Every structure is written in structure tokens, then in C-alpha cells.
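Chains A and B, in that order, give the protein sequences. Add 3 to the 1-based position in the first sequence for the working numbering, that's all there is to it. Add 5 to the 1-based position in the second sequence for the working numbering, that's all there is to it.
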Amino acid sequence: MNILKSIEKPARYTGGELNCVYKTDAKLNFALCFADVYEVGMSHLGISILYEVINAHKDIYAQRVFCPWVDMQKNMDCLCSLEMQTPLHEFQMIGINLSYEMCYSNVLAMLDLGKIPLKAKDRGEDMPIVVGGGACTVNPEPLAEFFDLFVIGEGEEITIKLCELYLSVYSAEGRKEFLEQAAQLRGVYVPSLYEVVYNADNTVMEIIPQKNAPSKIKKCFIEDFNNAPSVTKPVLPYISVVHDRCVAEIMRGCSNGCRFCQAGYIMRPIRIRNEENIKANIEKVINATGYDEISLSSLSAGDYPNISRLVIDLVKQYERQRVSVSLPSMRMDSYISELSMALQQIRKTGITFAPEAGSQRLRDIINKNITEEEILNTAKAAYESGVNSVKLYFMIGLPYETYEDLDEMVELIKKIRGLFYEIPREKRSGYLTITVSASCFVPKACTAFMWEAQDTMESFKEKQRYLKEKLHIKGVKFNYHDVYTSFLESVFARGDRKLSQVLLKAYENGAKFDAWREFFSYNIYKAAFEELNIDPHFYADRQRDDTEIFPFEHIDYLISKEFLLKEKKKAQKCEVTKNCHEKCAVCGLQKEGCIRGENI
Amino acid sequence: MRLCVKYSRENCACYISHLDMQRTFGRALRRGKINVLFSLGFNPHIRMSFASPLSVGYATKGDYFEVMTQEDEDISQVKEKLNSVLTKDIRIISVIKIEESVKKLMAINHSAAYEINFLWKNDFECGIIKDAIKEIDNKICEDNVYLTKDRKDREVDISPLIYEMKVNESNLYVRLANSQVALNPAVLAEEILKVGHINTPYLIVRQDCFCTYKGNVTNFEEIGN
Numbered sequence: 004m005n006i007l008k009s010i011e012k013p014a015r016y017t018g019g020e021l022n023c024v025y026k027t028d029a030k031l032n033f034a035l036c037f038a039d040v041y042e043v044g045m046s047h048l049g050i051s052i053l054y055e056v057i058n059a060h061k062d063i064y065a066q067r068v069f070c071p072w073v074d075m076q077k078n079m080d081c082l083c084s085l086e087m088q089t090p091l092h093e094f095q096m097i098g099i100n101l102s103y104e105m106c107y108s109n110v111l112a113m114l115d116l117g118k119i120p121l122k123a124k125d126r127g128e129d130m131p132i133v134v135g136g137g138a139c140t141v142n143p144e145p146l147a148e149f150f151d152l153f154v155i156g157e158g159e160e161i162t163i164k165l166c167e168l169y170l171s172v173y174s175a176e177g178r179k180e181f182l183e184q185a186a187q188l189r190g191v192y193v194p195s196l197y198e199v200v201y202n203a204d205n206t207v208m209e210i211i212p213q214k215n216a217p218s219k220i221k222k223c224f225i226e227d228f229n230n231a232p233s234v235t236k237p238v239l240p241y242i243s244v245v246h247d248r249c250v251a252e253i254m255r256g257c258s259n260g261c262r263f264c265q266a267g268y269i270m271r272p273i274r275i276r277n278e279e280n281i282k283a284n285i286e287k288v289i290n291a292t293g294y295d296e297i298s299l300s301s302l303s304a305g306d307y308p309n310i311s312r313l314v315i316d317l318v319k320q321y322e323r324q325r326v327s328v329s330l331p332s333m334r335m336d337s338y339i340s341e342l343s344m345a346l347q348q349i350r351k352t353g354i355t356f357a358p359e360a361g362s363q364r365l366r367d368i369i370n371k372n373i374t375e376e377e378i379l380n381t382a383k384a385a386y387e388s389g390v391n392s393v394k395l396y397f398m399i400g401l402p403y404e405t406y407e408d409l410d411e412m413v414e415l416i417k418k419i420r421g422l423f424y425e426i427p428r429e430k431r432s433g434y435l436t437i438t439v440s441a442s443c444f445v446p447k448a449c450t451a452f453m454w455e456a457q458d459t460m461e462s463f464k465e466k467q468r469y470l471k472e473k474l475h476i477k478g479v480k481f482n483y484h485d486v487y488t489s490f491l492e493s494v495f496a497r498g499d500r501k502l503s504q505v506l507l508k509a510y511e512n513g514a515k516f517d518a519w520r521e522f523f524s525y526n527i528y529k530a531a532f533e534e535l536n537i538d539p540h541f542y543a544d545r546q547r548d549d550t551e552i553f554p555f556e557h558i559d560y561l562i563s564k565e566f567l568l569k570e571k572k573k574a575q576k577c578e579v580t581k582n583c584h585e586k587c588a589v590c591g592l593q594k595e596g597c598i599r600g601e602n603i
Numbered sequence: 006m007r008l009c010v011k012y013s014r015e016n017c018a019c020y021i022s023h024l025d026m027q028r029t030f031g032r033a034l035r036r037g038k039i040n041v042l043f044s045l046g047f048n049p050h051i052r053m054s055f056a057s058p059l060s061v062g063y064a065t066k067g068d069y070f071e072v073m074t075q076e077d078e079d080i081s082q083v084k085e086k087l088n089s090v091l092t093k094d095i096r097i098i099s100v101i102k103i104e105e106s107v108k109k110l111m112a113i114n115h116s117a118a119y120e121i122n123f124l125w126k127n128d129f130e131c132g133i134i135k136d137a138i139k140e141i142d143n144k145i146c147e148d149n150v151y152l153t154k155d156r157k158d159r160e161v162d163i164s165p166l167i168y169e170m171k172v173n174e175s176n177l178y179v180r181l182a183n184s185q186v187a188l189n190p191a192v193l194a195e196e197i198l199k200v201g202h203i204n205t206p207y208l209i210v211r212q213d214c215f216c217t218y219k220g221n222v223t224n225f226e227e228i229g230n
């Protein structure tokens, strides 16, 4: 423990927090890993859910493992779990959350620090099964060589099934047999059971399953979300973490169909937790943690039926304990004034909105169905309830974007600002600060824009310069994303198996914590691409043909390719698609029993 | 009602910063369903303050914070309620009622007692450390001044800041100034290692905190009487 004196934030490594689980009689030890530091991993809802779901099973013991910070990496012998200090290589199964592309180098670092061979094919019978899950499994191909299997879709049920299969098969029949049998479970993808054949132009010709593995790996999802177990007793960190609050998942999936949004498509169908269950869960969490904030989580909280009633009830219930309520994902159109007043009751907080694009034309292209009028009305209602800080999220480099769209973005920001000062001084509070964040658009798998070329790095930089100059306005702060990071994200988001070599090379040459600006070095990756003679532009900024076979063609998130192609063509014509609540767009989920289309 | 809470911390809980410790107790009070008073204003906070911040890495057997409750509480129940919702590494030792007229705890600090445990490898290292302590003690007695560098590398005379210093069987007990001018025990520990030309790890455990109350130096628990 003495090493803890010389490193930053030692509490990242001590464990022992309130509500962490100790078991002595489990038959299977499962390492629940997150490839970033403690404070980021402990803020991840998926990790909290899985921790509770897995530990509810008497034979399985989930222990947390996070990526140690660089100072600790240099000083540690072997990466261990927080609960029992079990070395990573002694676990039977390791589940690593893949929530964003820039954590890939940390995945390798964690395996390495845990003394586990990096490549799946080099792992013997005594080594853990390394499982990947989370958002990046829409296209897990760049990581194919490092994982024994991936879970496609939602992990709550399938993780338990996998562990049970392990207990019944692994010790008796061995690793190979376990993997072959696992591949038969819905939602399990064993990359070593698929052979990829390429065309001369490096595009994919064919993906051939072996040993009876299914030709398409269908995602799994929780059908009865309303009654599915959720977080009730989360581990309470001693130190402050990124999201330090009670997170209640009120809804899964999204009905809006924004064409750029991977989460919006892959988390369908829309499933709702009823108010009674939400309130019961929240009460358990507050009693178990003493949190002073409740955050209602979903992709689009405004689409929750009667969100105002839920919020107002919660505000009333927790007022006396000074527990406040927040909504992280509100669309401009749904932020009504009644709700806004309720949210401001306990603590004055700012509001966050994502118009995504500045012009109506471009908002139609991306199918973000909100009008300028709605945006302005909402802003006005928020100001009148006392809000004086606004965060606005935009994307640049969207398909078909022009400089006129950027000009309109600037105009929209000016209008949002102007409205504040139109309100009589006594009705508004102080001065307004607007934080504008412009991210660089990354085309993602399983979206209507997966065929599109990403904007070039030069073009991104030019657009950033342009906006920076135009947004030199008092009270407006302009942030933008690093173009090199966005470029690499784009490479990995639609990349193929050959990128495993690039990742390995980059890791060996020192890539780590790529999501952290102080550590990210594009040059490490650039050198790796050059050395391996792989052209990153082939993946990032190349327009795909409608008929091209994607590297992730065999991963089936239940959204039909025909539907996405239709959406792509509608985008070209600036045509919008209605919210599924209004009209079913036949995305493919109806085959799975989604009933959204039927007059809801 | 104004309460003074004495607590201990050890093991995993030693690595919590002062700010996080405040948050930890704030949440424990909510979990324990103790009706505390909140500050007014846009961002309400529990009306709670600590006598003396504890450095990251130090354990304690006697630290204190005060908190205001909305109504009169049964103080023995407050202790029980809090202990039932805290981890095993943070314990409530006592809860006492204090009068409104008593100054804020942080304003009446006087000194704090510590145990410094040097983790020597063998008797030889132990001897070196004991000799170094003796050397420092002698110099203070003779000269009444002892200059060294503090943790921010400023020169400081530690001799008037050391109220007690004695070697027990396997550790060093000290009582150090802890009011406007305070001495961090790590400064003394580092000086001992420097004098002994040795690099031994050590653990620090705060034993108790003392205050100036009605003209006397007493333990904080006495101010309830």
C-alpha cells in the first residue's frame, strides 16, 4: 500500500467503498472492466447495472477493474480487481466495456497489465475468456484479434447465460468447445469463427462463418425492460467521479430516428419503465447512497410519456431532503416551461440543448425534427425560469453541409443570446453564458450515413477557424473537438480486422489514454499506418458504394439495410422521416415484435 | 441543534481528500435520515464544518466535525444511525451536543496528536531512526530553535510547534501545533529520515485533536460539558 503515497488519487485503487460486494463462495469470478480511469468507469450506467445483475447470481462474482492512471501503471506488478485484489489473469471471464473507439489502446494496456496474452489465439486453457460489450460492438472488427467473443446488444441476460455455459462446459470440454457452443447463443459473436475474404481493392468480398456459427449475429435485448432489474444499490465512490449522482434509466431506445445517431438506431425498440418502478428504484438508490441529485437517463427524456408529471412528483417527494432532479437529454421541443420551473427548484442549473445543425435545411437532412421557433420558445421559457447558462451542441462536417449552414448556426446562436436580453431585467437572472460545442461528425456503422465519407481534416480545421472568428461574441464560449481524434474515431468506427495490427503497433509504440488530450498522439497512429502500409483514409473519408459489403455486415442490430439506404436517399432530398410514435418507418424492428408503428 | 461528531478512519478511507470527506459525511447524514439544516441560497449545502482537515493518506482515531440539525436529536441514536450507514473504515466514536455560544470548532483548534509508525525492516534501521529522533530532540532542548524545510520548501522553525515527542515501543508519539500555525507530522517524519540518512516508509495516524476552551487546552469532547 505504500506506493499509494506517491501517486495521484490513491482512492482510485483502494476499493472498500460503500455497497461494494464481497463473496467467498462463487464458482466463477467475472472481472467487470472499463478501459478508462476509475472516475470515468464508475460513472458508467452499464457497469453499475451489470455489477448488480451479475452479483445477484449466487455462483458468479463480479469485481471491478479500471484502467490505472499512468503513474500507477509504472508502479504496479499486476492489474488487480478492486474488491479482492484478484490478479486479472486469474479470473475465469473478463468483460470489457467498449463505449468509445478511443479506449482501444487502454483495452490492450489492461490485458497487458493483467498478464493476459493480447491476442485471443495465444491464450491457453488457463487464461480467462475475454469478452467485449457496449456501443462499439456495432463494429467490433478492429478488435477482432484481441477478444475471444463479443456480446452484441444488451448485456444483462446474455452475460449470465455465458457464465452458466462456461460453468457447464469449460472445465469439462475446454476452451474451443466453449467458444463454439457460445457462438450458438443469440447475441454472441466469436470472431475467430469467421473468415473474412477481401477484394483486390481492399473492400470486403465475403464473411464466411465456420463450425456452424450463424451467418448473422443478431443482437440481444431485454424484452421486459419495465420489470428488468436495474440499479438499486450502486457502489458509492469515496472520491468524486464524473457523474456523481443517482442515475435512473427511465426508457431505453429512441423513436426520433436522427440519421447520424448510432445509439438512436441500435437501441431500438423503445421500451419504457413505468413511473412506479422508476420511483421505487430511485428510493432504493437514495436510501443506499445519500446522493443529492437524481438524473433521469434516456436517449430523449422528452419522449417519455408524461415526463412532466414524473419530474414534478420527484421534485416534490425529495424537496425536503434537498435532492434535485435533472434531465440530461432534452430535445428543444419538449422542454416546456412547467418542467423547467420544477427542475430549477432545488438547485439552479444550466440547460443543455443539442440542435446539432444550424439551418433548417441541414436539420431536415439529419432528420433532427425541430424548428427554430421551437428552439427559441424553449430557450425563452428556460430564461424566464431563472436559467442563465446554456450549453449548445452542434456538429460540423455533416453530409451536404455548406458554409451557409455554418452562417445560420452563428445566427441561431445570436438569436438564442438576444432573447435573454429581451426579457425585462427583473425577470431574468444576471448575465447569460452560452457554451457552444462543435464536434466533428463521425459517420458510424448502422446509421443512415454509414456510406458517407467523413469531412477531411483540412476541411474540419477550416470550418473551425471560420466559426471561431464568427463566434467571437461576448458571453459565448466556443469549444471544438480535435480533428485527429475524430478522424481516428471514423477509421475505427467502420474499419475492418486489419486494423487490429495498427492498434497493436500503436500500443507498442506508446499509445494510451487516447481520449485524454494530454496523452493522445496522432503521430503514433500515423507511424503505425505507414509502417503497415494501411491507408486510414480508405476507412475514414471514402464514399462507399450502396452495394459495398461492410466489415460489420454480419453483425445484425436488427435495423434493416434497406431502411437505412432509404433514409440515406431521403437525406439527399432533404426529406424527413416521422418519429415512430407518429408513423412506423419500417426500420426492421417490427419483425422483432416492435409495436410502435401501431397507433401509439 | 448543534452537534459535534468525533470519528475515526482507517484502511481504504485514509485516501479520501478533505473535500470528499465532507461529501462522504453529507451523504451519510442523508442515508441515516438525520434532518440536518441547509444553507440558504441557490445551491443549498448542509450546515456542517470540520475542525481540522486531514491530509490524504493519514488515518485518524479522533477527528471532529460539527453539524446543525433541524430539531433536537437523541445523540446516542445519531451515533448509531450513522454507524449503521457508514463503511467499516469510517466509524463514529461519539456525538455530543454543543451550545450555540461556542465558537466554530475550526476557530478553537490548538494541537493534534499523532503516531508516526516507521516501517523499518530490521533492528539496525530501527536504531538509526531512534538515534535521529534523539538527536533532533536534543538539539531542540539545547538551542530552542530547529530549522527545516516544510512541504512547500519554505524554511520553518519547528521547535515551538512540537509540544510533545516521545518514543514508544515501535512508534513515535507527537503532539504538534494545529492552530493558525500548524506543523504537519510529515515534515517532522521527513526530517527524522533526513537526519538518519535513511529512506523508510511510514504511516501517520492522528490520535486526537485538542482545542482551547475556556482558557484551557482540552479534548474537543470536553466542550459539550
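C-beta atoms are modelled at their ideal positions from N, C-alpha and C, and glycine is treated no differently. In this text the structure is predicted, and so the values were computed from the model without any measurement.
Am I right that Asp213 (chain B) and Lys84 (chain B) are in contact with their C-beta atoms under 8 Å? What's the rounded C-beta distance?
In fact, because the Cβ distance is near 17 Å, the residues do not count as touching under 8 Å.
Same chain, Cβ closer than 8 Å to Lys383 (chain A), neighbours up to 5 away in sequence not counted:
Contacts found: Leu422 and Ile426.
Neighbourhood of Ala194 (chain B) by C-beta distance below 6 Å, restricted to the same chain and skipping five residues each side:
For Ala194 (chain B), where only same-chain residues beyond five positions count, the Cβ hits under 6 Å are Ile121 and Tyr207.
Looking at chain D, is there any beta carbon in it that lies within less than 8 Å of the beta carbon of Ser329 (chain A)?
Here chain D cannot be found, since the structure's protein chains are A and B.
Cβ-based neighbour list, Leu265 (chain A), same chain, cut-off 8 Å, excluding 5 preceding and 5 following:
Note that residue 265 (chain A) is Gln in the sequence shown here, rather than Leu. Closer than 8 Å at the Cβ level, and outside the excluded window around Gln265 (chain A), lie Ala138, Val141, Lys447, Ala448, Cys449 and Thr450.
Does the distance from the CB of Asn259 (chain A) to the CB of Ser300 (chain A) come in under 8 Å?
Not in contact: Asn259 (chain A) and Ser300 (chain A) (Cβ atoms no closer than 8 Å).
Selected residue, minimal CA-CA separation from Met6 (chain B), among B:Val150, B:Met73, B:Leu181 and B:Ile113:
Residue B:Met73 is the option with its Cα nearest to Met6 (chain B).
Neighbour flag for Lys576 (chain A) against chain B, beta carbons, 8 Å:
No, Lys576 (chain A) lies away from the interface with chain B (no Cβ there is under 8 Å from its Cβ).
Could you tell me the alpha carbon to alpha carbon distance between Asn249 (chain A) and Ala291 (chain A), rounded to whole angstroms?
As written in the sequence, residue 249 (chain A) is Cys, which differs from the Asn given in the question. Straight across, the Cα-Cα distance linking Cys249 (chain A) with Ala291 (chain A) is about 10 Å.
So which residues on chain A does Phe43 (chain B) lean against when the C-beta distance must stay under 8 Å?
Close to Phe43 (chain B), with beta-carbon spacing below 8 Å, are these residues of chain A in chain order: Arg325.
Using DSSP with H/G/I as helix, E/B as strand and the rest coil, what is Asn142 (chain A)?
Asn142 (chain A) falls in the coil class under three-state DSSP.
Euclidean distance between Cα positions of Pro120 (chain A) and Val110 (chain A):
In this structure, the alpha-carbon of Pro120 (chain A) lies about 12 Å from that of Val110 (chain A).
Output the boundary residues of the beta strand (DSSP E) element that contains Phe356 (chain A).
For Phe356 (chain A), the uninterrupted beta strand (DSSP E) run begins and ends at Ile354 to Glu359, by DSSP.
Are the beta-carbon atoms of Ile97 (chain B) and Asn88 (chain B) separated by less than 8 Å?
Inclusion of Ile97 (chain B) and Asn88 (chain B) in the CB contact set at 8 Å is warranted, their separation being smaller than that value.
Neighbouring residues, chain B, relative to Thr17 (chain A) (Cβ below 7 Å)
By Cβ distance, chain B contributes Cys17 and Tyr20.
What number of angstroms, rounded off, separates the C-alpha of Ile63 (chain A) from the C-alpha of Gln82 (chain B)?
Near 37 Å, if we compare the C-alpha coordinates of Gln82 (chain B) and Ile63 (chain A).
In terms of alpha-carbon separation, which member of A:Gly498, A:Val479, A:Cys70 and A:Asp39 lies closest to Val445 (chain A)?
For Val445 (chain A), the closest C-alpha among the options A:Gly498, A:Val479, A:Cys70 and A:Asp39 is that of A:Gly498.
Grouping DSSP H, G and I as helix and E and B as strand, with all else coil, what is Phe153 (chain A)?
Strand.
C-beta neighbour in chain A for Thr92 (chain B), strict 8 Å:
Yes, its Cβ sits closer than 8 Å to a Cβ of chain A.
If the criterion is Cβ atoms closer than 8 Å, does the pair Ile437 (chain A) and Val479 (chain A) meet it?
Yes; because the gap between Cβ atoms is below 8 Å, this pair is in contact.
Whole angstroms is fine: what's the gap from Gly49 (chain A)'s alpha carbon to Lys38 (chain B)'s?
Between Gly49 (chain A) and Lys38 (chain B), the alpha-carbon positions lie close to 29 Å from each other.
When you check each C-beta in the region 284-311 of chain A against every C-beta of chain B, which residues fall closer than 8 Å?
Hits within the stretch, in order: Ile289, Asn290, Ala291, Thr292, Gly293, Tyr294 and Asp295.
How is Val326 (chain A) classed by DSSP in three states: helix, strand or coil?
Val326 (chain A) falls in the coil class under three-state DSSP.
Measuring straight from C-alpha to C-alpha, what distance separates Glu183 (chain A) and Ala231 (chain A)?
Between the C-alpha atoms of Glu183 (chain A) and Ala231 (chain A) there is a straight-line separation of about 29 Å.
Let me check one thing: in DSSP terms, what residues is Leu177 (chain B) bridge-paired to?
Partner(s): B:Ile121 and B:Val172.
Under a CB-based cut-off of 8 Å, is Thr29 (chain B) close to chain A?
Residue-level contact check: Thr29 (chain B) touches chain A, since one or more beta carbons of chain A fall below 8 Å from its beta carbon.
Check whether the region 82-99 of chain A and the region 505-512 of chain A touch, using three or more Cβ-Cβ pairs below 8 Å as the test.
By the Cβ test, the region 82-99 of chain A is not in contact with the region 505-512 of chain A, since fewer than three Cβ pairs between them sit closer than 8 Å.
Taking all protein chains shown into account, decide if Ile12 (chain B) is buried (16 or more other Cβ within 10 angstroms of its Cβ) or exposed.
In the sequence on display, residue 12 (chain B) carries Tyr and not Ile. Label assigned to Tyr12 (chain B): buried.
Taking just the CA atoms, how far does Asp68 (chain B) sit from Asp94 (chain B)?
Taking the straight line from one Cα to the other gives about 14 Å.
Reduced DSSP category for His115 (chain B) - H, G, I as helix; E, B as strand; rest coil
His115 (chain B) falls in the strand class under three-state DSSP.
Segments assigned beta strand (DSSP E), at least 3 residues, entirely inside the region 486-522 of chain A:
DSSP runs (the beta strand (DSSP E)) wholly in the region 486-522 of chain A: none.
Would you say Ile426 (chain A) lies against chain B (beta-carbon separation less than 8 Å)?
For Ile426 (chain A), not one C-beta of chain B is nearer than 8 Å to its own C-beta.
Secondary structure of Met96 (chain A), DSSP reduced to three states:
If DSSP states are grouped into helix, strand and coil, Met96 (chain A) belongs with the strands.
Buried or exposed, going by whether 16 or more other CB atoms sit within 10 Å of the CB of Ala118 (chain B)?
Burial call: buried.
Counting pairs of Cβ atoms below 8 Å between the region 66-79 of chain A and the region 266-275 of chain A, do you hit three or more?
No contact exists between the region 66-79 of chain A and the region 266-275 of chain A.
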